[in-house]
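For reference, the structure discussed in these notes is given below.
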Amino acid sequence: YNHFPRHLKWENNNVTFRIVNYTPDLKKADVDKAIRRALNVWADVTPLTFKKLYEGNADIMISFGSKEHGDYNPFDGPGGLLAHAYPPGQGIGGDTHFDEDEQWTKDSSAYNLFIVAAHELGHALGMSHSTDPGALMYPIYTYTTGYPLAEDDIEGIQALYGPNPNPKKVKPRPDAPKKCDPELTFDAVTELRGETIIFKDRYYWRIHPQMVEPELTLIKSTWPSIPNKVDAAYENPEKDLVIIFSGIRMWALNGYNLVDGYPKYIHKLGLPKSVRKIDAAVHIKDTGKTLLFTDEDYWSYDETTETMDSGYPRSIEDDFPGIEDEVDAAAYHYGYLYFFHEHLQYEYSYNSKKVFRIQRANSILNC
Amino acid sequence: KPLSSEDIDKQLLAEKYLRRFYGLPSGLQGSRTSSNFLQAKIKEMQKFFKLEVTGNLDDNTLAVMKEPRCGVPDIGE
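Here is the structure:
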């Protein structure tokens with residue numbers, strides 16, 4: 001997290017606010033609710049209280065405006081800049097402005113007013129931008145559901161105001177995973193048009209052959225329609241599709257777009273109803289088969305006939321000597337299967353049927 | 368090689384972004400912003416977003432610059 005220079009903050013914990021005008025995009029009551037919810041997010045973790053005024057000057061004056069709206073800090077039409085706010089202080093200090101040229105919503109269909117307001121009011125209380133992609137104070141808009149503050153945000157605001165004397169039980173969002181954490185484990189791995197995508201919690205790393213640094217991004221900021229938790233994923237390059245598994249459902253992505261008709265149930269593939277989750281999935285280009293790993297067993301799915309091969313499930317341990325445990329994620333490159341389990345990665349030769357090398361899982365992330 | 372119109376658009380987008388969020392002085396408007404100064408600001412932005420720090424306007428850097436975001440600067444006063 002970051003604060004503004006000189007750690008600007010309100011000296012009085014009882015802060016006043018006033019909603020000066022309203023956007024026509026939402027009902028007035030919805031705007032009132034979004035702003036109150038956004039203030040409560042910060043009130044829950046600090047001693048701050050927020051009193052609403054209906055006239056005159058409040059500490060935080062909230063308004064909607066477009067282009068040049070009176071502060072010589074113009075907005076830019078739809079997209080781009082969504083809103084801005086000023087750090088605590090007299091006059092314009094604390095004031096929060098939303099760009100009326102945006103479409104303000106209560107859901108993920110356009111820009112969610114509650115999420116943007118929680119971020120901007122963080123500025124109005126003294127928070128600057130965070131470099132943690134999972135923090136609310138990260139500068140780029142991402143739609144998320146659930147509790148909006150990450151550990152990073154809570155630490156930052158409490159460094160200014162201290163904790164709430166009567167703390168409510170809040171479950172902060174986990175900060176972004178650290179790629180070189182030696183205990184790092186993966187949820188799923190897949191190829192995507194020549195890049196490698198590694199899923200972990202609400203994030204994914206994107207590894208591009210020409211890029212030294214893997215790029216960490218929130219799943220929802222790229223694919224808002226898939227869940228925040230991915231169990232398994234694989235690419236079928238012949239069909240230019242990536243299949244994402246979460247629980248008993250699966251999504252098909254064509255690049256960044258969700259394929260019509262998805263999500264579907266995983267049992268459509270021919271899996272018995274007793275299977276409630278797929279741990280790992282990998283497409284073997286050379287055979288046209290996709291292997292689906294669940295607990296100690298695996299299944300073989302024929303992508304050409306789109307049917308499950310007979311004689312399955314089979315035991316992972318029997319068919320992949322050296323891979324004793326369950327599999328978290330799997331990938332296939334040039335005749336080698338890469339099995340990820342806990343913080344290790346097993347390089348398994350598909351032809352000679354043995355493990356060639358065991359490394360830390362995050363060696364794939366240049367750690 | 369003269370800059371293509373597409374390159375000029377990218378450069379203008381980057382300069383506008385870096386002026387607003389990374390304090391690139393606007394006084395250099397009109398003349399070509401000195402390239403090493405611009406490069407330093409691009410590096411500052413790439414570091415903030417944990418992109419590969421190249422100082423160049425590569426696709427990933429431009430993609431981040433086009434993302435919808437908050438209008439408050441990412442650095443300093």
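Chains as they are written, first to last, in our numbering: chain G, 1 to 367; chain Z, 368 to 444.
Heads up, the beta-carbon is just placed ideally off N, CA and C, and yes, glycines get one too.
The structure presented is a predicted model; accordingly, all values stated were derived computationally and were not measured.
query	result
Just curious, the alpha helix (DSSP H) that G:I364 is in, first and last residue?	Run containing G:I364: none; DSSP gives neither H nor E here.
Chain Z partners of G:I140, CB-CB under 9 Å?	F416, V431, E434, P435, R436 and C437
For G:P87, which residues from the same chain have a beta carbon less than 7 Å from its beta carbon, with the 5 sequence-adjacent residues on both sides left out?	F4, L8, G93, H123 and G126
So with Cβ pairs under 7 Å, would you call G:E68 a contact of chain Z?	no
How many Å lie between Z:K410 and G:G311 at the Cα?	56 Å
How big is the Cα-Cα spacing for G:E235 and G:Y72?	49 Å
According to DSSP, is G:Y298 part of a helix, a strand, or is it coil?	strand
Could you give the distance in angstroms between the alpha-carbon of G:P78 and the alpha-carbon of G:P313?	52 Å
Consult DSSP for G:Y334 and reduce its assignment to one of helix, strand or coil.	coil
Which residue comes first and which comes last in the beta strand (DSSP E) that contains G:N254?	R249 to N254
Where do the N-terminal and C-terminal ends of the alpha helix (DSSP H) with G:H119 fall, by residue?	L113 to L125
Step through the CB atoms of chain G and report whether any lies within less than 7 Å of the CB of Z:E419.	yes
Excluding the five sequence neighbours on either side, which residues of its own chain have a C-beta within less than 6 Å of the C-beta of G:D371, listed in chain order?	Lying outside 1 to 367, the shown extent of chain G, residue 371 of chain G is not represented and no answer is given.
Could you tell me the alpha carbon to alpha carbon distance between G:T49 and G:R36, rounded to whole angstroms?	11 Å
Can you tell me whether G:G65 is helix, strand or coil according to DSSP?	strand
Using Cβ-Cβ distances below 7 Å, what residues of the region 76-87 of chain G are close to chain Z?	G79, G80, L81, L82, A83, H84 and A85
So G:P148 and G:V275 are supposed to be a Cβ contact under 8 Å. How far apart are they, rounded?	Contact doesn't hold; Cβ gap of about 34 Å is too wide.
Which term fits G:D153, buried or exposed, when burial requires 16 or more other beta carbons within 10 angstroms of its beta carbon?	buried
Buried or exposed for Z:G397, going by 16 or more other Cβ atoms inside 10 Å?	Low local confidence applies: a pLDDT of 49 at Z:G397 is under 50, so the model's placement there is unreliable, with the coordinate-based value given in what follows. Classification for Z:G397: exposed.
Indicate the three-state DSSP secondary structure (helix, strand or coil) for G:M308 in the structure shown.	strand
Which of the three DSSP states is assigned to G:T222 in this structure?	helix
Please determine, among G:K28, G:P24, G:D30 and G:N362, the residue with the shortest C-alpha to C-alpha distance to G:E213.	G:N362
At the 7 Å Cβ level, is Z:D441 part of the contact set with chain G, yes or no?	yes
Between G:T131 and chain Z, is any beta-carbon pair separated by less than 7 Å?	yes
Under the rule that 16 or more other beta-carbon atoms within 10 Å means buried, what is Z:S372, buried or exposed?	exposed
For G:G335, which residues in the same chain have their Cβ closer than 8 Å to its Cβ, ignoring the five residues on either side in sequence?	D286, S349, Y350 and N351
Let me make sure I understand the geometry here. Which of G:L81, G:Y22 and G:H283 has the alpha-carbon closest to that of G:P237?	G:H283
Less than 7 Å between the beta carbons of G:Y138 and G:P224, yes or no?	no
Hey, which unbroken runs of the beta strand (DSSP E) at 3 residues or more fall wholly within the region 22-84 of chain G?	49-52 and 60-65
Taking 8 Å as the threshold, find out whether the region 337-345 of chain G comes into contact with the region 177-186 of chain G through three or more Cβ pairs.	yes
With 7 Å as the C-beta to C-beta threshold (strictly closer), list the residues of the region 200-217 of chain G near chain C in chain order.	The structure shown contains no chain C; its protein chains are G and Z.
Ends of the beta strand (DSSP E) at Z:A381?	From DSSP, Z:A381 is part of no beta strand (DSSP E) but of the alpha helix (DSSP H) over S372 to Y389.
If you draw a straight line from the alpha carbon of G:T96 to that of G:V116, how long is it in whole angstroms?	11 Å
Determine the DSSP secondary structure at Z:G397, reduced to helix, strand or coil.	Because the pLDDT of Z:G397 is 49, which lies under 50, any placement of that residue in the model is unreliable, and the number read from its coordinates should be weighed accordingly. In the structure shown, Z:G397 sits in coil (DSSP, three-state: anything other than H, G, I, E or B).
DSSP on G:S349, reduced to helix/strand/coil?	strand
Let me make sure I understand the geometry here. Which of G:M308, G:T294, G:A280 and G:G288 has the alpha-carbon closest to that of G:G270?	G:M308
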